[in-house]
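Participant: Quick one: the structure is below, and I'll ask about it shortly.
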Amino acid sequence: MRHLYEKGNFANGYAAVKDRHEDSADSSWRDGMISGNGEIGYVTSGEPYSDVFIFQHMYFNYPLPDPREIPAELPGQFEEARLNVFDLNDQWEIKDKNGKKRERTFYYCYHPGHQLRLTADYTDEVKDYIRYTDYETAENGVKFTDKYGEWKRSSFTSRTDGVAVTKLTKSDSGRLINMTVSIDDIDNMHRAWGDLSMISEQRYKKLVPEDCAYIAQIAHYPSYNGSELRDGGYGGVTLILAEGENAVKKRVVSLSDDPMLIGDNVSVEVKNAEAVYLITAVGRSFDMTGSNSDVMTRFANMNSYELLDALEKKTRDSAGKYTVRGKFSYDAALAPSAKRQKAEFNRLSFKLKGDEEFAGYDNNSLISEQRKNTSRINHEFMRRAYEQARYAMICCGGTSAPRLYGMWTGEWNPGWRGIYTLDANVNLQVSPMNTSNLGGDFQYGYITFFLRHAPDFMYNATMAYGMHDAIQLSVNADADRAMHVEYDNYYPFEYWNAGASWCLLPIYEYWQCFGNKRIPINDYMRFDNLQKVLGNDGGLTDEEFAALKERGYLDLEKDILLPLLTKQANFWEQIVTPRYYTDAEGKACRDESKTKLGEGEKYIIIPAYSPENNPIG
55 MRHLYEKGNF ANGYAAVKDR HEDSADSSWR DGMISGNGEI GYVTSGEPYS DVFIFQHMYF
115 NYPLPDPREI PAELPGQFEE ARLNVFDLND QWEIKDKNGK KRERTFYYCY HPGHQLRLTA
175 DYTDEVKDYI RYTDYETAEN GVKFTDKYGE WKRSSFTSRT DGVAVTKLTK SDSGRLINMT
235 VSIDDIDNMH RAWGDLSMIS EQRYKKLVPE DCAYIAQIAH YPSYNGSELR DGGYGGVTLI
295 LAEGENAVKK RVVSLSDDPM LIGDNVSVEV KNAEAVYLIT AVGRSFDMTG SNSDVMTRFA
355 NMNSYELLDA LEKKTRDSAG KYTVRGKFSY DAALAPSAKR QKAEFNRLSF KLKGDEEFAG
415 YDNNSLISEQ RKNTSRINHE FMRRAYEQAR YAMICCGGTS APRLYGMWTG EWNPGWRGIY
475 TLDANVNLQV SPMNTSNLGG DFQYGYITFF LRHAPDFMYN ATMAYGMHDA IQLSVNADAD
535 RAMHVEYDNY YPFEYWNAGA SWCLLPIYEY WQCFGNKRIP INDYMRFDNL QKVLGNDGGL
595 TDEEFAALKE RGYLDLEKDI LLPLLTKQAN FWEQIVTPRY YTDAEGKACR DESKTKLGEG
655 EKYIIIPAYS PENNPIG
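Right, dumping it as structure tokens:
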């Protein structure tokens, strides 16, 4: 007989998420459990008396002061690069506009949303602790026992309502809930301090209305010139529903030494509740203050924010939708989301005979068991690892491709900025999306990701090679842009040529596996920028584009694969020239007067670069 959590994973221990005052190297958020709906999600620690939820949004992007345009000197370097590569001149340098060796610039950086903390007003010796993830419902749960009886709480991210929901109930002996709902200071979060000064340039507020209906965080990004997020920011709202005849909520103000925080450090104290429900929505804004001048001063002086109003409305709408006779129904909110989640997860099953006796082992024990015997893979370990990976894929699908961290991070300044790395990571993360029989949401998200960046892919081909109606991928992307900015003498990514072929392959395989499909147009595609992408030789006419937009979907064959594969072919057709070739004996040759290849001769494709390698010298 399988364990209770056959389609999920579970642990009998947890790691407390500390702050910098306790442990400056703490990264215990990585031991948290996850949920997501492709757009938003969270990491939860599962701590008994101080549970932490770090909320995520796939499109959170922290701006950098680096330029967001391809350097104007790049087009003029193409022939020079081609000649020096042919001559094997390892002393040639890529110069900037001032004639100096180019310094690489970078894309924007992924970051977490607000870090919500649920602190009980007492602690006790914990017994029979377990935390778990249910792959069929995308729920995370905690159960434990103390002197007041057994406590339970559970959470999920809704695939149908776009919010995260948490349920806490009184103990089985009737002990009521007494807790504080707070938001951790940003400078107490992992990697948000020290010499990483760019984080300290943002400003944020914590907000709790007098009726304590919710707790919120609203933040304004640094206002860099040239940044599309110059007046941008992000926010999160957690609606607090406390049920019970004597339940009360109180607004509490405490001290904070975070220099980024504007205004009061507020939290909500909940007393004598039979049940508490937390409904969270997160999002971002490109136009937070509506100002063109001193946006940070205006942000500090504002008393209301459109973004927070919209997020609060989303949480209230969800609460009202599932409230029956004055009480919120967690089960009713979970049901439609779990139905979609279960159908998607169960489109494929994975079974291995043997090692069934380890099914009752929790995660840590199973990992320890695998470490004891490295000569073979424990089948229960393999099964659980496989299903966890499938679960994470499903949680990341719908609005984009998985980031370097999937969609989860509990730290600021994550490694490689938590971006999309197109020379291996994204490719590996999406490689099983068709052969594992996912039902469409994940594929839609990946297609959305590609189309969203496609105008920049065309921009790259024009600026790097002077091409017409072609696409060339950047080695990285950040969800907002994917133009050639990350390159220098050591990593000349501007001459990486294989990216479009590699990244279009999963879309082509989607067509091979499932046939032609209608791909719904969504806001994250930035559809208004796709007129030239979705047609050839100048793009669609105004009439054609308007008709496509009115129709509301893209035909996978005609509207996506045909124009994109044509642009890919155009790239290869335009990059080759008979001036650079190998002769019939395979010797590399250059002839500036040559107009076509002879018998046995082949094109040389230069310049060309393989990421993760350095040129000689």
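All the letters of the sequence shown, read from the start, carry residue numbers 55 to 671 under the numbering used here.
Don't be surprised by glycine CBs; every beta carbon is placed ideally from N, CA and C.
1) On the premise that residue 386 lies in contact with residue 257, defined as a C-beta separation below 8 Å, what is that separation, rounded to the nearest angstrom?
2) Among the residues of its own chain, which have a CB less than 6 Å from the CB of residue 196, if the five just before and after it don't count?
3) Quick check: what's the CA-CA separation for residue 244 versus residue 438?
4) Tell me where the alpha helix (DSSP H) around residue 572 begins and ends.
5) From the DSSP secondary-structure annotation, give me the bridge partner or partners of residue 382.
6) Under three-state DSSP, which class holds residue 78?
7) In terms of alpha-carbon separation, which member of 666, 650, 646 and 642 lies closest to residue 658?
8) Among the candidates 267, 516 and 572, whose CA atom is the shortest distance from the CA of residue 551?
9) Where residue 479 and residue 102 are concerned, what is the direct C-alpha to C-alpha distance, given to the nearest angstrom?
10) Here's the rule I'm using: 16 or more other beta-carbon atoms within 10 Å means buried, otherwise exposed. How should residue 661 be labelled?
11) What three-state label does DSSP hand residue 350 in the structure shown?
12) Determine the direct distance from the alpha carbon of residue 492 to that of residue 81, and round the result to whole angstroms.
13) Given this structure, state the Cα-to-Cα distance separating residue 598 from residue 111, to the nearest angstrom.
14) May I ask you to verify whether the stretch 276 to 287 touches the stretch 343 to 361, counting CB pairs closer than 8 Å and requiring at least 3?
15) Have a look at residue 266 and residue 388 and give me their C-alpha separation to the nearest angstrom.
16) Roughly how many angstroms lie between the CA atoms of residue 375 and residue 361, to the nearest whole one?
17) Does the beta-carbon of residue 187 have 16 or more other beta-carbons within 10 angstroms, so that it is buried, or is it exposed?
18) What would DSSP say about residue 586, mapped onto helix, strand or coil?
19) If you draw a straight line from the alpha carbon of residue 529 to that of residue 510, how long is it in whole angstroms?
20) By Cβ distance, which residues of its chain are closer than 6 Å to residue 613, with the 5 residues on each side in sequence left out?
21) Put residue 469 into one of helix, strand or coil per three-state DSSP.
22) I need the straight-line Cα distance from residue 647 to residue 633, nearest angstrom please.
23) Which residues share a DSSP beta bridge with residue 63?
24) Quick one: using the 10 Å Cβ neighbour count with 16 as the cut-off for buried, is residue 605 buried or exposed?
25) Using 9 Å as the threshold, is the C-beta distance between residue 399 and residue 445 below it?
26) According to DSSP, is residue 138 part of a helix, a strand, or is it coil?
27) Could you pull out every residue in the same chain whose Cβ sits closer than 7 Å to the Cβ of residue 280, ignoring the five residues on either side in sequence?
28) Taking C-beta to C-beta, are residue 163 and residue 116 nearer than 9 Å?
29) Suppose the cutoff is 7 Å on Cβ atoms and the five residues either side in sequence are ignored; what does the same chain contact list for residue 501 look like?
30) Given this structure, state the Cα-to-Cα distance separating residue 720 from residue 94, to the nearest angstrom.
31) Mind listing, in chain order, the continuous alpha helix (DSSP H) runs of no fewer than 4 residues lying wholly within the stretch 442 to 514?
32) Measure the beta-carbon distance from residue 165 to residue 466 and round it to whole angstroms, keeping in mind my assumption that it falls under 8 Å.
33) Is residue 56 helix, strand or coil when you go by DSSP?
34) Identify every residue that forms a DSSP beta bridge with residue 319.
35) Among 133, 590, 239 and 616, whose alpha-carbon lies nearest the alpha-carbon of residue 253?
36) By a C-beta neighbour count over all protein chains shown, 10 Å radius and 16 as the cutoff for buried, is residue 567 buried or exposed?
Facilitator: Judging by the given coordinates:
1) Not really, about 39 Å apart at Cβ, beyond 8 Å.
2) Correct list, in chain order: 100, 185 and 207.
3) In this structure, the CA atom of residue 244 is about 28 Å from the CA atom of residue 438.
4) Unbroken run through residue 572 is the beta strand (DSSP E), 572 to 574; no alpha helix (DSSP H).
5) Paired residues: 377.
6) Bear in mind that a pLDDT of 48 at residue 78, under 50, signals an unreliable position, so the model cannot answer this.
7) Selected option, being the one with the closest Cα: 642.
8) Checking every option, the nearest Cα to that of residue 551 belongs to 516.
9) Residue 479 and residue 102: Cα-Cα distance of roughly 35 Å.
10) Classification for residue 661: buried.
11) The DSSP-derived three-state label of residue 350 is helix.
12) Looking at the two C-alpha atoms, the distance is approximately 32 Å.
13) Computed Cα separation, rounded: 34 Å.
14) The way I'd put it, the stretch 276 to 287 does touch the stretch 343 to 361; three or more beta-carbon pairs between them come closer than 8 Å.
15) The straight-line gap from Cα to Cα measures roughly 25 Å.
16) Cα to Cα, residue 375 sits roughly 21 Å from residue 361.
17) Looking at its Cβ environment, which holds 16 or more other Cβ atoms inside 10 Å, residue 187 is buried.
18) In the structure shown, the three-state DSSP call for residue 586 is coil.
19) Pairing residue 529 with residue 510, the inter-Cα distance amounts to about 12 Å.
20) Same-chain partners within the cutoff: 588.
21) DSSP places residue 469 in helix when its eight states are reduced to three.
22) Cα-Cα distance, rounded: 7 Å.
23) Answer is 187.
24) Flag for residue 605 reads exposed.
25) Judged by their CB atoms, residue 399 and residue 445 are nearer to each other than the 9 Å cut-off.
26) Under the three-state reduction of DSSP, residue 138 is assigned to helix.
27) The residues are 121 and 122.
28) Yes, Cβ-Cβ distance for residue 163 and residue 116 is below 9 Å.
29) By the criterion of a C-beta distance shorter than 7 Å, residue 501 is surrounded in its chain by 561, 573 and 614, once the five residues flanking it on both sides are discounted.
30) A question about residue 720 goes unanswered here, because the residues of the chain that appear run from 55 up to 671.
31) Fully enclosed alpha helix (DSSP H) runs of 4 or longer: 479 to 484.
32) Yes, residue 165 and residue 466 are in contact; Cβ-Cβ is about 6 Å, under 8 Å.
33) With a pLDDT of 40 at residue 56, under the threshold of 50, the modelled position of this residue cannot be trusted; read the value that follows with caution. Coil.
34) Residue 319 is bridged to 308.
35) Ranking 133, 590, 239 and 616 by Cα distance to residue 253 puts 239 first.
36) Exposed, by the Cβ-count rule.
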